[in-house]
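Trainee: Please see the structure below; I have some questions.
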Amino acid sequence: MFPFSFMRKTSSTTNGAEKDEASFVAVSLRDLAVRAVAEDERGNYNVAVQLYTELIEKLLLQLKQTGVANEQQELRRKTEGYMSRAEFINPQTD
1 MFPFSFMRKT SSTTNGAEKD EASFVAVSLR DLAVRAVAED ERGNYNVAVQ
51 LYTELIEKLL LQLKQTGVAN EQQELRRKTE GYMSRAEFIN PQTD
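Going by UniProt numbering, the letters in the sequence shown line up with residues 1 to 94, in that order.
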């Protein structure tokens, strides 16, 4: 439904600790996205909306923390996609 390729630090100026943290964040975001989409596909819309909301909050936080234009653009695109889906299924949670 949605792509899950999250940002990866490839800059040669990034130190090991920053790479490890970026990798952890990327895996965490990807796992959360996979869970949200899985619940959505199962028709568990209440859970899916909660997971999408958590994912969107984390993506926005990551967006604030990155200074790389390409990553910011990709994060905005992903955030908009998840927001659209959450808004679409939200009426079905009543």
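Note that CB positions come from ideal geometry on N, CA and C, so glycine has one too.
The model shown is predicted, which means the values in this text are computed figures rather than measured ones.
Going by alpha carbons, who is nearest to L29 out of A69, L75 and D40?
Mentor: The sequence position of residue 29 within the sequence shown is 29, counting from 1. Among A69, L75 and D40, the Cα nearest to that of L29 belongs to L75.
Trainee: In this structure, does DSSP put V47 in helix, strand or coil?
Mentor: In the sequence shown, residue 47 corresponds to position 47, counting from 1. Residue state, collapsed to three classes: helix.
Trainee: State yes or no: is the beta carbon of V34 nearer than 8 Å to at least one beta carbon in chain B?
Mentor: Chain labels in this structure do not include chain B; a single protein chain is all it has.
Trainee: Taking the alpha-carbon of A36 as reference, which of S23, V27 and L55 has the nearest alpha-carbon?
Mentor: Translated into positions along the sequence shown, residue 36 becomes position 36. Minimum Cα distance to A36 is reached at L55.
Trainee: So Q73 is in the alpha helix (DSSP H); what residue range does that whole segment cover?
Mentor: In the sequence shown, counting from the first residue as 1, residue 73 sits at position 73. Where Q73 is concerned, the enclosing alpha helix (DSSP H) stretches over A69 to I89.
Trainee: Between the C-alpha atoms of A69 and Q62, what's the straight-line distance to the nearest angstrom?
Mentor: If you number the sequence shown from 1, residue 69 lands on position 69. If you number the sequence shown from 1, residue 62 lands on position 62. The straight-line gap from Cα to Cα measures roughly 13 Å.
Trainee: Less than 7 Å between C-beta atoms, sequence neighbours within five positions excluded: which residues of the same chain meet that for M83?
Mentor: Taking the sequence shown and counting its residues from 1, the one referred to as residue 83 is at position 83. Excluding sequence neighbours, M83 sits near I56.
Trainee: Assuming D40 and R77 are in contact, meaning their beta carbons sit under 8 Å apart, how far apart are those beta carbons, in whole angstroms?
Mentor: In the sequence shown, residue 40 corresponds to position 40, counting from 1. In the sequence shown, residue 77 corresponds to position 77, counting from 1. Rounded, the Cβ-Cβ distance is 18 Å, inconsistent with contact.
Trainee: Going straight from the alpha carbon of T10 to that of G67, what length do you get?
Mentor: The residue you call residue 10 lines up with position 10 of the sequence shown. The residue you call residue 67 lines up with position 67 of the sequence shown. In this prediction, T10 has a pLDDT of 47, which is less than 50 and means its spatial position is unreliable; what the coordinates show is noted afterwards. Those two C-alpha atoms are separated by around 13 Å.
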